[in-house]
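Residue numbers (the numbering used here), protein chains in the order written: chain A, 4 to 350; chain B, 4 to 350.
Each residue gets a CB set at the ideal place from its N, CA and C atoms; glycine is no exception.
What follows is one structure encoded as structure tokens, with my remarks underneath.
Protein chains: 2
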Amino acid sequence: MGPAAAKPARHTNLTDVARRAGVSSMTVSRALRRPESVSEDTRRRVERAVAALGYVPNNIAGGLRSRRSRTIACVIPTIASPVFANVVQGLTDVLYGHDYRVVLGTSNYSEAEEQRVTAGLLAHRPEAVVLPAGDHRRELGRLLKRVGVPVVEIWERLENPVDMNVGFSNRDVGAAVVTHLVERGARRIAFVGMGADEHARARARREAYAETVARLLDQKPIVFDAPFTIDGGRAALARILRDDPAIDAVFCVGDLPAVGVLLEAHEAGCAVPQRLMVAGFGDHEFGRQIRPGLTTVRVPERRIGQIAAEMIVGRLGDHDTGPRAIDVGFEVIPRDSTARTQADDSG
Amino acid sequence: MGPAAAKPARHTNLTDVARRAGVSSMTVSRALRRPESVSEDTRRRVERAVAALGYVPNNIAGGLRSRRSRTIACVIPTIASPVFANVVQGLTDVLYGHDYRVVLGTSNYSEAEEQRVTAGLLAHRPEAVVLPAGDHRRELGRLLKRVGVPVVEIWERLENPVDMNVGFSNRDVGAAVVTHLVERGARRIAFVGMGADEHARARARREAYAETVARLLDQKPIVFDAPFTIDGGRAALARILRDDPAIDAVFCVGDLPAVGVLLEAHEAGCAVPQRLMVAGFGDHEFGRQIRPGLTTVRVPERRIGQIAAEMIVGRLGDHDTGPRAIDVGFEVIPRDSTARTQADDSG
DNA sequence: ATGAAAGCGCTAACAC
DNA sequence: GTGTTAGCGCTTTCAT
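This is how it looks when you write it as structure tokens:
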């Protein structure tokens, strides 16, 4: 930095408080952290001195000595996505109650940046690291292992987590949605996917779709790729109606294209759910408000954050006995877009 | 903590690297922070030693001595709101580029918790604090002042900020929306507010609405209160149509009720914008997708975070010359819900 | 360009 | 229940 860089002022410290309270700084430290370990009289005098001087503890110093930073690092692609925002909210919910702070990093969906940001955060000696399961670089895994910090991979359930893991199975999602559609009377189900943009989670849903239609309907996969947007969904349905009118249900990789399918169906005079059923993924607010309501899959995002936090607290505390991996599951939310009755089906 | 509390391992430190590189630890420190200040040969040997040992710097230790934590605290009501999520994203965008980390706290809309959380974050000696402008407790202001840490109050423009301030004026918003409606031909404008739930921002919009309709239309304020939900908006419009059919435009305190108004208008056969114009606030995704598109106000949330970060970087660096308060303004986004033409108006 | 000494503010470890 | 001593890992300061 330059010449005029603001020199942070010296704050009141433990010694100041100790002097004022007429005890040693060690006693102040104890009075603050474990009030029951000092005499009532001492405690009171310390409290008064703290208040009088406006003392704010310095966790940096304490953390240096005790090697406990009371800090948890969390690296996500972006906070400007409800998915991760909710996860982070769940994390802080629980962590703050245990006097841990969350230091945030964002990778902007870049593995290189994820690596760089995580390395940067490690300089603050977090007591644990939370990051989305996924295609981190091998380097990152090695770095994390070498540093030896507890890691929670969130969002997806993993076969071989680096350390701890909380999430759900996208394969189970694909199977559950297809099963739901079949139960509601679907006989020919298309999948609207993301094409080249497909990520590991989307792929898992698509593969499970393919397996499940094969198993339940003896049907080959019918995949229409489209941009992951409402307009993408519209375009996809237009092609579906033209290319394969026998299709009577569409499973979209996400709610955004699913809403597009719904809108396009409305304009094309294709009755939902009677003629066509539609299901999405993500429980976007949209799908709740649109008519007919969109059947979708809700993932307990916030709960994932909370469980990750609980795992960390357990691991760092004295009850390191909890599970290291948890499948939080998900919920298929049936709404009107798949509310076909037998009567509809027979029509 | 208890007996089994995980004892964090000792990490490789500067001295280890120094030994390996055959130099003093001071030289390693310099080589890492200002590579140009050591000889080329030294630099190379240090780099090699760092790589070989997998050294991760310890910012806690460095920060203790240098009194620079390279940490910025940010306290917001909740991260599970796109508004604040975007602000935080803007903050981290810029801050990471300057090698600062963001430590997050959430107040859950409680002033008491805001106070508590902020105090907790201060223990980590952030070099600046970012928090929404608003009704913090007086205590908080005093605490922040006493600690002497730079503060940025965000979101709203303030008359008397504690320190720095970036945001926009909700009064200006109210005036701009009403002006827009009048320009499009509105002659009698109602406001859909939040009743008892009204917060300072909502109040500013309502007051500016009242002043502007008085000034431009010589009209008394007509306020319908409703829950801040889509259904709230529906109910409000039902009452409006019944109680005061001369109303030809509705300004809603937020997009959620505005969408409700739009939906209810559709069902009631009330043509938008010909018979009724509708405007909201917040540029919710909903309003972009619904038909007719909802005229609304967009606030540059992310930009607010970025500017706050830039102010901080400037203040902490050697160019502490920038403005201490910035009005980022906002944008009225005209969509079809207010796209009335002269022809419509004359009908 | 490099090194030695000191110390940031706190807590672990060990007295008493 | 309280105090003393040492030292966490780094950077500031001063010397060379």
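If only complete runs of 3 or more residues are kept, the segment 158-213 of chain A shows the beta strand (DSSP E) at 167-171, 192-196, in order along the chain. Look at Leu67/B: its C-beta is under 9 Å from a C-beta on chain A. The Cβ neighbour count for Met29/A, taken over all protein chains shown within 10 Å, is under 16; the residue is labelled exposed. With a threshold of 9 Å between beta carbons, Val53/A makes no contact with chain B. At a cut-off of 9 Å between beta carbons, Asn16/A makes no contact with chain B. Annotated as proximal: Glu313/A and Val97/A, with beta-carbon spacing under 9 Å. Note that the segment 162-179 of chain B touches the segment 211-226 of chain B; at least 3 beta-carbon pairs, one per stretch, sit closer than 8 Å. The beta carbon of Ala342/A sits closer than 6 Å to the beta carbons of Pro276 from its chain, once the five residues preceding and following it are set aside; these are given in chain order. Residues of the segment 287-307 of chain B that bring their beta carbon within less than 8 Å of a beta carbon in chain A comprise Glu288, Phe289, Gln292, Arg305, in sequence order. In the assembly as shown, Glu159/B is a buried residue. Its beta-carbon has 16 or more other beta-carbons within 10 Å. When the alpha-carbon of Met280/B is set against those of Gly320/B, Cys255/B, Leu143/B, the nearest one is in Cys255/B. The C-beta of Ala229/A comes no closer than 9 Å to any C-beta of chain B. Distance from Pro129/A to Ala76/A at the Cβ level is roughly 4 Å; contact confirmed, criterion being Cβ atoms closer than 8 Å. Under the 9 Å criterion on CB atoms, Val59/B is classed as interfacial with respect to chain A. At a Cβ-Cβ threshold of 9 Å, Thr299/A and Gly285/A count as neighbours. The beta-carbon of Ala88/A is placed less than 9 Å from the nearest beta-carbon of chain B. Within the model, the alpha-carbon separation for Arg187/B versus Glu162/A is close to 60 Å. The C-beta distance from Asn61/B to Arg73/B rounds to 12 Å, too long to fall under 8 Å, and the pair is not in contact. When Val262/A, Gly108/A, Ala271/A are compared, the shortest CA-CA separation from Gly296/A is found for Val262/A.
Here Pro38/A carries a helix assignment [DSSP, helix/strand/coil]. Pairing His101/A with Val150/B gives a Cβ-Cβ distance that is not under 9 Å. Ranked by how close their Cα comes to the Cα of Ile157/B, the residues Ser32/B, Leu146/B, Ala131/B, Val49/B have Ala131/B in first place. For Asp339/A, no alpha helix (DSSP H) run applies, since DSSP gives it neither H nor E. Between Ala239/B and Asp228/B, the CB-CB gap stays under 9 Å. When Cβ-Cβ separations below 9 Å define contact, Pro11/B makes contact with chain A. When DSSP states are grouped into helix, strand and coil, Pro85/A belongs to the helix group.
Looking at the backbone, the Cα of Val133/A and that of Asp138/B are separated by about 33 Å.
Here Asp339/B is actually not in contact with Phe289/B; their C-beta atoms are around 14 Å apart, not less than 8 Å. Residues of the segment 126-143 of chain B with a Cβ closer than 8 Å to any Cβ of chain A, in chain order: Ala126, His127, Arg128, Glu130.
In this chain, Val256/A is not harboured by any beta strand (DSSP E), its DSSP state being neither H nor E. Secondary structure note for Asp330/B: it is in no alpha helix (DSSP H), and the uninterrupted beta strand (DSSP E) holding it is 328-330. Approximately 19 Å separates the beta-carbon atoms of Leu67/B and Asp19/B; this is outside 8 Å, ruling out the contact. It is roughly 15 Å from the alpha-carbon of Arg48/A to the alpha-carbon of Arg36/A. In this chain, Leu107/A is not harboured by any alpha helix (DSSP H); it is covered by the beta strand (DSSP E) spanning 104-109.
For Arg48/B, not one C-beta of chain A is nearer than 9 Å to its own C-beta. As a beta-bridge residue in DSSP terms, Phe227/B pairs with Val195/B.
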